[in-house]
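Asks: One structure, as structure tokens, below. Some questions next.
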């Protein structure tokens, strides 16, 4: 099948991942951040109090905000309301910032049919769209590796392929994203518990608690974590206002983010965006605790493997061969 | 009355000195100021101003931090021979080593803070107020041991100097337990820092048990080398007497430590080269380049050559006991270990990335300026500390001398 031109991830766009973005974009974003006048006058006081430490922070509420896991129901409601106001000021849209708890009796897992994947990268861009990933600098949670037939050597693979049509003869493809490990090396190392595994198995980040030390990025064996080296930029008309606190709500600069299995969708009974968009049905998703789910069925009946299983990270992301 | 007198005396000592003192302090203040301006720029624009990427997500800041933890640890490990074997000449100079350790610890903490994306959220690390993720996060443990070590290195010399200022004998049974405690504690700060990297299965370059021992061995080289140079400067400009004998004794330790360091490097080479698995890639990147990317090769060979030359200098008694060659060896070791245990340890850990991509890292000017600023701040603290400590230690600055003056 033919790929649209803008689906190419060439070296140039990857390099621009740490490009600064235009100055105007940043200025606009900053202005929107500090839109409320009362907050601005308070900021003056806070700056005086905390000196340089307040530079990165915009409002007192944001500065003093608690870890999501320690918040009471009221605190969560208040924070969600504040975030909605901020996002509306910045993007001019009404946002939904969900805080749905895990559904009882669910443990999410993912299946990827390595035999069927054609390397079109539609998942990559559906993910960017759905999860409000920064367009400039560019961040993409899913990396589609292309291997030459006969080898699964990561060092010999590439994400920079650019043919007229995919799939290409002599190659196969393996998309990699956060593997939502049961024994996650990334959550273990976080010095402030800003990242953890939810009861339904989703590894999440509290963007407002992350101190930006990037220890989790060093710990992840799958390149599952990304850092906003500067203010993320999303065009106003492309921003997705259906969000979750632990998922795709717009992020701020200098914090870590990652794939959340589209927590804003899956906790409302929908499929992740990458599953929905896959044109060949290579992506499967479901509840491990339900023996009748598609994912449980394919783990029982197909040949599956997990990436770097020897590291004992116990991913809940299964690669499989459909035939 | 007495306290204000002390403050007055300190202020006077800090503001008077030979022209070279003024020039030195002015230079450090200038570099520190430039560093602060560069850091403000980083706060304003985000970490995008650094050379780091999501591939190589730690760089010069963390490299420098790692190197300096070694210096801080080694400066105090000199206590071992001083107290356990009662080697007098070193005992006299231990307090200066502790002041060095305290200053370098400040540099360590500044380096980590400079690397943080959200320094405004530092309070998240304070237990109770925030959450310090113990026991599972090694970074959490590092914060505990570094702060404990800072306390020891402020408390011990602080107590001894307080007594000296009041011309009283210190109560040794009170202070000896703290001194003894600071020995394992010095080992612990370096071990825990090594474990930060060591525990990561994602990075085979660090995930080798040899990492912590090599850290200690190299710290025993660079720390004492710096101490040797500092003592020569101190004895030139103050009445503080440091015997050559002490310096030569320290250089013997360095010879042993460097032998150990090179031996462990050999062991690392053997394991990686002979087994020839994919875990060889970072080492390959470091020493010969990988997939045509070889930005680090010149640096690491420079470090290796420096270390070997220094080892030979320290091995031969004649060159070890001549101040000219001794100093040359010290400078070579400091530079060699700074490259090897600084960014030479951090950056190759990220190359290749976990999915095989090879992205190189080069620090930006802002990173270099911030780092220089941190060095300047540390040296400034150390200089000002010595300006007060040494006269107390030599008995020039006491309650009585001030009263009579």
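Chains as they are written, first to last, in this note's numbering: chain U, 315 to 637; chain Z, 4 to 408. C-beta: ideal position from N, C-alpha, C; glycine also.
If you measure between the beta carbons of residue 332 of chain Z and residue 316 of chain Z, is that distance less than 8 Å?
Replies: The answer is yes: Cβ separation under 8 Å.
Asks: Ends of the beta strand (DSSP E) at residue 601 of chain U?
Replies: Counting along the chain, the beta strand (DSSP E) containing residue 601 of chain U begins and ends at 597-601.
Asks: Exposed or buried, what is residue 360 of chain U when buried is set at 16 or more other beta-carbons lying within 10 Å of its beta-carbon?
Replies: Below a pLDDT of 50, predicted positions are generally treated as unreliable, and residue 360 of chain U, at 45, falls in that range; the measurement from the model is reported next regardless. Residue 360 of chain U comes out buried.
Asks: Any C-beta of chain U sitting closer than 8 Å to the C-beta of residue 392 of chain Z?
Replies: For residue 392 of chain Z, the answer is no, since every Cβ of chain U falls outside 8 Å of its Cβ.
Asks: Below 7 Å on C-beta distance, what does residue 469 of chain U contact in chain Z?
Replies: Under the 7 Å cutoff, chain Z gives 281, 284, 355, 359.
Asks: Taking contact to mean 3 or more Cβ pairs, one atom from each stretch, closer than 8 Å, check whether the segment 361-373 of chain Z and the segment 49-65 of chain Z are in contact.
Replies: Touching, yes.
Asks: When you check each C-beta in the segment 393-420 of chain U against every C-beta of chain Z, which residues fall closer than 9 Å?
Replies: Listed in sequence order: no entries.
Asks: Near residue 574 of chain U, which residues of its chain fall below 6 Å by C-beta distance, leaving aside the five closest residues on each side in sequence?
Replies: Here the set comprises 516, 518, 561.
Asks: Let me know the secondary structure DSSP gives residue 574 of chain U once reduced to three states.
Replies: Three-state result, residue 574 of chain U: coil.
Asks: Just to confirm before moving on: does the CB-CB distance between residue 564 of chain U and residue 548 of chain U stay below 8 Å?
Replies: Taking 8 Å as the Cβ cut-off, residue 564 of chain U and residue 548 of chain U qualify as a contacting pair.
Asks: Assuming residue 258 of chain U is part of the beta strand (DSSP E), what are its boundary residues?
Replies: A query on residue 258 of chain U cannot be resolved here, the shown segment of chain U reaching from 315 to 637 and no further.
Asks: Under 8 Å, with one C-beta from each stretch per pair, do the segment 254-270 of chain Z and the segment 221-229 of chain Z reach the 3-pair mark?
Replies: Yes: the two stretches touch, three or more of their Cβ pairs being nearer than 8 Å.
Asks: Would you give the residue range spanned by the beta strand (DSSP E) that residue 510 of chain U belongs to?
Replies: Run containing residue 510 of chain U: 509-511, per the beta strand (DSSP E) assignment.
Asks: Report the rounded CA-to-CA distance for residue 422 of chain U versus residue 605 of chain U, giving the unit in angstroms.
Replies: Whole-angstrom Cα-Cα distance: 12 Å.
Asks: Which residue marks the beginning of the beta strand (DSSP E) containing residue 55 of chain Z, and which one marks its end?
Replies: Neither: residue 55 of chain Z is in no beta strand (DSSP E) and is coded neither H nor E.
Asks: Give me the chain U residues within the contact set of residue 191 of chain Z, using Cβ-Cβ distance strictly less than 8 Å, ordered along the chain.
Replies: What residue 191 of chain Z touches in chain U: nothing, since even the nearest Cβ is about 17 Å away.
Asks: Please state whether DSSP places residue 208 of chain Z in a helix, a strand or coil.
Replies: Here residue 208 of chain Z sits in coil by DSSP.
Asks: Would you say residue 498 of chain U faces chain Z, with C-beta separation under 8 Å as the test?
Replies: Output row for residue 498 of chain U: interface = no.
Asks: Can you look up residue 584 of chain U in the DSSP assignment and give me helix, strand or coil?
Replies: Residue state, collapsed to three classes: coil.
Asks: Since residue 489 of chain U contacts residue 437 of chain U with CB under 8 Å, what's their CB separation in whole angstroms?
Replies: Confirmed, Cβ separation roughly 6 Å.
Asks: In chain Z, what lies closer than 8 Å to residue 531 of chain U by C-beta?
Replies: The answer, in chain order, is 57, 60.
Asks: Which residues, in order along the segment 122-155 of chain Z, keep a beta-carbon less than 8 Å from a beta-carbon of chain U?
Replies: The segment 122-155 of chain Z vs chain U, Cβ under 8 Å: 122, 123, 124, 125, 127, 128, 133, 134, 135, 136, 139, 140, 141, 142, 143, 146.
Asks: Just list the residues that DSSP pairs residue 411 of chain U with in beta bridges.
Replies: The partner list for residue 411 of chain U (beta bridge, DSSP) reads U:557.
Asks: The segment 330-348 of chain Z: which residues have C-beta closer than 8 Å to a C-beta of chain U, in chain order?
Replies: The residues in question: there are none.
Asks: Going by Cα to Cα distance, which pick from Z:184, Z:125, Z:376 is closest to residue 154 of chain Z?
Replies: Residue 154 of chain Z has its Cα closest to that of Z:184, out of Z:184, Z:125, Z:376.
Asks: Can you look up residue 366 of chain U in the DSSP assignment and give me helix, strand or coil?
Replies: Bear in mind that the predicted position of residue 366 of chain U carries a pLDDT of just 45, short of 50, making it unreliable; the figure below should be weighed with that in mind. Three-state result, residue 366 of chain U: helix.
Asks: I'd like to know whether the C-beta atoms of residue 230 of chain Z and residue 299 of chain Z end up nearer to each other than 8 Å.
Replies: Taking 8 Å as the Cβ cut-off, residue 230 of chain Z and residue 299 of chain Z do not qualify as a contacting pair.
Asks: Do residue 469 of chain U and residue 284 of chain Z have their C-beta atoms within less than 8 Å of each other?
Replies: Yes, Cβ-Cβ distance for residue 469 of chain U and residue 284 of chain Z is below 8 Å.
Asks: Pick out whichever of U:586, U:524, U:529 has its Cα sitting closest to the Cα of residue 60 of chain Z.
Replies: Looking at the Cα atoms, U:529 is the closest of the given residues.
Asks: With a Cβ-Cβ cutoff of 8 Å, do residue 456 of chain U and residue 491 of chain U count as a contact?
Replies: Going by C-beta atoms, residue 456 of chain U is nearer than 8 Å to residue 491 of chain U.
Asks: Do residue 420 of chain U and residue 514 of chain U have their CB atoms nearer than 8 Å?
Replies: Yes, the pair counts as a contact, with Cβ atoms nearer than the cut-off.
Asks: Report back the beta-carbon spacing between residue 218 of chain Z and residue 193 of chain Z to the nearest angstrom; my notes put them in contact at under 8 Å.
Replies: Indeed, because the Cβ distance is near 5 Å, the residues count as touching under 8 Å.
Asks: Which same chain residues end up closer than 8 Å to residue 17 of chain Z when comparing Cβ atoms and leaving out the 5 residues on each side of it in sequence?
Replies: Excluding residues within five positions, the ones whose Cβ falls inside 8 Å are 387, 390, 391.
Asks: In chain Z, what lies closer than 7 Å to residue 426 of chain U by C-beta?
Replies: Residues of chain Z passing the Cβ test: none, with the nearest at roughly 15 Å.
Asks: Buried or exposed: where does residue 501 of chain U fall if 16 or more other Cβ atoms within 10 Å of its Cβ makes it buried?
Replies: By the 10 Å Cβ count, residue 501 of chain U comes out buried.
Asks: Between the beta-carbon of residue 195 of chain Z and the beta-carbon of residue 141 of chain Z, is there less than 8 Å?
Replies: Yes, they are a contact pair.
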